[in-house]
Amino acid sequence: MYSREMILESAQKLSASIQSLETIQHYQRIETQIHQNEQIAQYMAELKQNQKQSVNLQNYDKPVAFARSEEKIEEIQTKIDGIPIVNEFKKAQHQANELLHVVIGTLSARIQHENIEAEDDQTHE
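In terms of our numbering, the sequence shown is residues 491 to 615.
Shown next, in the form of structure tokens:
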């Protein structure tokens, strides 16, 4: 059986290995660029403000103003999506997520296999 410390140590090693992968490093570099981009920050602040306004308009049953607010949100989102680094970020994020899903699936399968073997060993004793 594995101790808590052994599991945590293995998890730390796995985390370091994952972070050293080019796919993850590429994603992190682009994420940093996104956070440093003033134009994106400005659009995001505007988007957040309009989303809050939209929720309020919906709550106060103002359908016409709500529709205009939703159009404004779509316009802002289109501007954000038109920035090349945003599309690159989305692609890198998708690739990183796919990689992590593979790792998680592999770990899950291996843990299940280990558990089945451990149960078999216990029943044969």
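Don't be surprised by glycine CBs; every beta carbon is placed ideally from N, CA and C.
- When the Cα atoms are used, D611 and A506 turn out to be separated by approximately 33 angstroms.
- Boundaries of the alpha helix (DSSP H) around K562: P553 to D571.
- Sequence-distant Cβ neighbours of I514 in its own chain, meaning closer than 8 angstroms and more than five residues away, are I508, A586 and L589.
- Across the structure, R494 and A501 are spaced so that their CA atoms are roughly 11 angstroms apart.
- Of the candidates I570, G595, F579 and Q602, the residue whose Cα lies closest to the Cα of L537 is I570.
- By the Cβ-count criterion, I601 is exposed, with fewer than 16 other Cβ atoms from all chains shown falling within 10 Å of its own Cβ.
- For M496, the three-state secondary structure derived from DSSP is helix.
- With contacts defined by Cβ atoms closer than 8 angstroms, E560 and S544 form a contacting pair.
- In this structure, F556 lies near Q548, with their beta-carbon atoms less than 8 angstroms apart.
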